[in-house]
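2 protein chains.
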Amino acid sequence: MKLNLDCIPCFQRQALQAVRFISDDEALHQKVLKEVAKKLLESNWDSTPPELAHEVHRIVKRLTNESDPYKEVKKESNDSVLKMYPVLQKQVEESSDPLRTAVRLAIAGNIIDFGPLQSFNLEDTAREVLKKQFAIDDYETLTEKIEDAETLLFFTDNAGEIGFDKLLVETLLKATNLEKIRFVVKGGPIINDATLEDAVYVGLCDLANVEFLKMSNGEAGTGPERNSQTVKNWIKEHDLVISKGQGNYEGLSEHNGLFFLLMAKCPVIASDLGVEVGDIILKYKQ
Amino acid sequence: MKLNLDCIPCFQRQALQAVRFISDDEALHQKVLKEVAKKLLESNWDSTPPELAHEVHRIVKRLTNESDPYKEVKKESNDSVLKMYPVLQKQVEESSDPLRTAVRLAIAGNIIDFGPLQSFNLEDTAREVLKKQFAIDDYETLTEKIEDAETLLFFTDNAGEIGFDKLLVETLLKATNLEKIRFVVKGGPIINDATLEDAVYVGLCDLANVEFLKMSNGEAGTGPERNSQTVKNWIKEHDLVISKGQGNYEGLSEHNGLFFLLMAKCPVIASDLGVEVGDIILKYKQ
Numbered sequence: 000m001k002l003n004l005d006c007i008p009c010f011q012r013q014a015l016q017a018v019r020f021i022s023d024d025e026a027l028h029q030k031v032l033k034e035v036a037k038k039l040l041e042s043n044w045d046s047t048p049p050e051l052a053h054e055v056h057r058i059v060k061r062l063t064n065e066s067d068p069y070k071e072v073k074k075e076s077n078d079s080v081l082k083m084y085p086v087l088q089k090q091v092e093e094s095s096d097p098l099r100t101a102v103r104l105a106i107a108g109n110i111i112d113f114g115p116l117q118s119f120n121l122e123d124t125a126r127e128v129l130k131k132q133f134a135i136d137d138y139e140t141l142t143e144k145i146e147d148a149e150t151l152l153f154f155t156d157n158a159g160e161i162g163f164d165k166l167l168v169e170t171l172l173k174a175t176n177l178e179k180i181r182f183v184v185k186g187g188p189i190i191n192d193a194t195l196e197d198a199v200y201v202g203l204c205d206l207a208n209v210e211f212l213k214m215s216n217g218e219a220g221t222g223p224e225r226n227s228q229t230v231k232n233w234i235k236e237h238d239l240v241i242s243k244g245q246g247n248y249e250g251l252s253e254h255n256g257l258f259f260l261l262m263a264k265c266p267v268i269a270s271d272l273g274v275e276v277g278d279i280i281l282k283y284k285q
Numbered sequence: 000m001k002l003n004l005d006c007i008p009c010f011q012r013q014a015l016q017a018v019r020f021i022s023d024d025e026a027l028h029q030k031v032l033k034e035v036a037k038k039l040l041e042s043n044w045d046s047t048p049p050e051l052a053h054e055v056h057r058i059v060k061r062l063t064n065e066s067d068p069y070k071e072v073k074k075e076s077n078d079s080v081l082k083m084y085p086v087l088q089k090q091v092e093e094s095s096d097p098l099r100t101a102v103r104l105a106i107a108g109n110i111i112d113f114g115p116l117q118s119f120n121l122e123d124t125a126r127e128v129l130k131k132q133f134a135i136d137d138y139e140t141l142t143e144k145i146e147d148a149e150t151l152l153f154f155t156d157n158a159g160e161i162g163f164d165k166l167l168v169e170t171l172l173k174a175t176n177l178e179k180i181r182f183v184v185k186g187g188p189i190i191n192d193a194t195l196e197d198a199v200y201v202g203l204c205d206l207a208n209v210e211f212l213k214m215s216n217g218e219a220g221t222g223p224e225r226n227s228q229t230v231k232n233w234i235k236e237h238d239l240v241i242s243k244g245q246g247n248y249e250g251l252s253e254h255n256g257l258f259f260l261l262m263a264k265c266p267v268i269a270s271d272l273g274v275e276v277g278d279i280i281l282k283y284k285q
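Going down the list, the protein sequences come from chains A and B.
Numbering follows numbering that gives the first Met the number 0, with no gaps: position 74 of the first sequence is 73.
Numbering follows numbering that gives the first Met the number 0, with no gaps: position 126 of the second sequence is 125.
Next up, the structure:
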């Protein structure tokens, strides 16, 4: 996906939010914002949104001398989802279509995103998404594809959200013959994206036959890029591939054979999908 | 009110929206965004938000060669409110407390604001605001102050919204002994702020004993600034003073004896008022 001009002010907003997470020093906030704005003005606007996002968050990390500005926020998100987990689990179990409910909740969890969003209410979102109509709904294809699937590749998105993903995978395990689950996490911190640490914290590793693959956070040595041949091979090697969130939708858009589960949270992604901001999506890309 | 760092990305978003209203040329969008970002980087961040907003919108006007980029949008807003007017009027008339309902609707109309907002749904907002709890509620003071009031000064905010203001003033006229109404409008176009043209279009001049005062849009010769001695005198000379919206709340904050009616639509204003984004406010400043 090409950069949209809307991303330019949005990145500045993100940088400001990130520096505020770790410091109350207004002079530092201003310094970060000015350097980010300057960098964006000098950058090549033919880059992809994640490429520029990496540049932006690199500035935040450098000027604040903090390798993971979202550390506290990620822990809070993980904790709130762990707290909600028993209730969510019960909602799925008691549902007339547990998989459908688990899919809905996994999309609701996608609201935990400090990239496009300033703030959100997780419990309200979960309630709304359980009733909401899908703007794109390839659920039937999902139920077909899972029938003979033995391996699942799951691209996670954000900390906290991965608790909802755990519930979805648990539900899939009950409904299918899946023998191997591979979760893709970030090989290092970037925004509030889930890392291996978060996956362990919310108990993804407690699932049966689970493995973790690391993908690049934009820094060297953290894993392959989303648009790499390695990631393409990962996708090909699995029977079922699920991708969560906007960042993966952007970054994995040139691959085929994936289910994209997400909430459209910014006008750029919404317009690419032909939906409205706030819409929920279960899209199969053949 | 001092500039908040959040205003910096927000102004860029506004400029982008404005140029898109009048042109589909992506190269022009990019040129405007770049020039606005550059200007903001060079500007004095101790300015007030309206001062910087004027700089930003001046760039849009210059590069697009269009003195009023929001012209079409303002007409659309005026038209939709005129269409809703009979229903709104009935809602007020049939209400157990017509003035309270008219105040609520006037605040709902404040959603028509292309400054902080990307998009909005007017009818949904009106429905919600009719039931919503006020975050600051000086209604009792309003009912006291109107008892002996003979003159009203009313600072309007946006095109379209002034249709709701008309309904509020009509309702006030029935409940009071008001003999003279003065509406303050912008002396020239800026964002989607109401000008005399809009006031005439929605029929504000059909009210009894009405006059119009023009206030600066940031350009020379369009009227006094909000923080001027002239505006201070206007306020002193009237028994009842009502100010609509965020811009007036920011700009008139150093004056006393006003009722501020608004919806908090951006985190900067919400935090200054000690409320949440989306909250509705009827605040008397003694």
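C-beta atoms are modelled at their ideal positions from N, C-alpha and C, and glycine is treated no differently.
Straight-line Cα distance separating Lys173/A from Asp5/A: 42 Å
Residue-level contact to chain A via CB, Arg12/B, 8 Å cutoff: Contacts with chain A at 8 Å (Cβ-Cβ) include Arg12/B.
Proximal residues, the region 28-39 of chain A versus chain B, C-beta separation under 8 Å: His28, Gln29, Leu32, Lys33, Ala36, Lys37, Leu39
CA nearest to the CA of Leu2/B, picked from Leu51/B, Val31/B, Glu92/B: When the alpha-carbon of Leu2/B is set against those of Leu51/B, Val31/B, Glu92/B, the nearest one is in Leu51/B.
Separation of Pro8/A from Ile21/A, as counted between CA atoms: 21 Å
Under the three-state DSSP convention, the category Val276/A falls into: coil
Of the listed residues Asp23/B, Leu40/B, Leu27/B, Asp24/B, nearest to Phe10/B (C-alpha basis): Leu40/B
Cβ pair count under 8 Å reaching 3, the region 33-48 of chain A against the region 123-142 of chain A: no
Local conformation of Lys264/A per DSSP, three classes: Lys264/A: coil per DSSP, three-state reduction.
Neighbourhood of Pro266/A by C-beta, 7 Å cutoff - its chain only, sequence neighbours within 5 removed: Asp5, Val276
Chain-ordered neighbours of Leu286/B on chain A, where CB pairs are closer than 7 Å: Beyond the ends of chain B as shown, which are 0 and 285, falls residue 286/B; an answer cannot be given.
is_contact[Pro115/B, chain A] using C-beta, thresh 8 Å: no
Local conformation of Ser242/B per DSSP, three classes: strand
Residue closest to Leu261/A, alpha-carbon to alpha-carbon, out of Asp147/A, Phe133/A, His254/A, Ala207/A: Closest option to Leu261/A, judged by alpha-carbon separation, among Asp147/A, Phe133/A, His254/A, Ala207/A: Phe133/A.
Which listed residue (Val102/A, Ala107/A, His53/A, Asp123/A) has its alpha carbon closest to that of Gly114/A: Nearest C-alpha to Gly114/A: His53/A.
Cut-off 8 Å between Cβ atoms - residues of its own chain near Glu178/A, not counting five sequence neighbours on either side: Glu149, Thr150, Asn208
Buried/exposed call for Ser227/B, threshold 16 Cβ in 10 Å: exposed
Local conformation of Glu54/B per DSSP, three classes: helix
Lys284/B to Ala263/A span [Cα, whole Å]: Whole-angstrom Cα-Cα distance: 41 Å.
Any 3 or more C-beta pairs closer than 8 Å across the region 203-221 of chain A and the region 236-245 of chain A: Too few Cβ pairs lie closer than 8 Å, so no.
Three-pair Cβ contact test at 8 Å for the region 189-198 of chain A versus the region 158-166 of chain A: yes
Continuous alpha helix (DSSP H) stretch holding Val199/A: start and end: 195-201
Span of the alpha helix (DSSP H) around Leu171/B: 160-174
DSSP beta-bridge partners of Val102/A: Val102/A is not bridged to any residue.
Neighbour list for Pro266/B in chain A, Cβ cutoff strictly below 8 Å: Gln117
Straight-line Cα distance separating Val274/B from Phe153/B: Between Phe153/B and Val274/B, the C-alpha separation is close to 24 Å.
Beta-carbon separation (whole angstroms), Ile145/A vs Thr175/A, contact threshold 8 Å: Approximately 5 Å separates the beta-carbon atoms of Ile145/A and Thr175/A; this is inside 8 Å, confirming the contact.
Buried/exposed call for Pro49/A, threshold 16 Cβ in 10 Å: Classified as buried, Pro49/A has 16 or more neighbouring CB atoms from the shown chains inside 10 Å of its CB.
Distance, Asn232/B Cα to Gln13/B Cα: 32 Å
Alpha helix (DSSP H) runs wholly inside the region 77-123 of chain B, at least 4 long, in chain order: With a minimum length of 4 residues, the continuous alpha helix (DSSP H) runs that stay inside the region 77-123 of chain B are 97-107.
Delimiting residues of the beta strand (DSSP E) encompassing Arg12/B: Careful: Arg12/B lies outside any beta strand (DSSP E), inside the alpha helix (DSSP H) at 6-21.
Residue from Gly256/A, Asp112/A, Gln245/A with nearest C-alpha to Leu272/A: Gln245/A
Val91/B and Thr142/B closer than 8 Å at C-beta: The Cβ atoms of Val91/B and Thr142/B lie no closer than 8 Å to each other.
Under the three-state DSSP convention, the category Asp205/B falls into: helix
Cβ of Ile58/A within 8 Å of any chain B Cβ: Closer than 8 Å: no.
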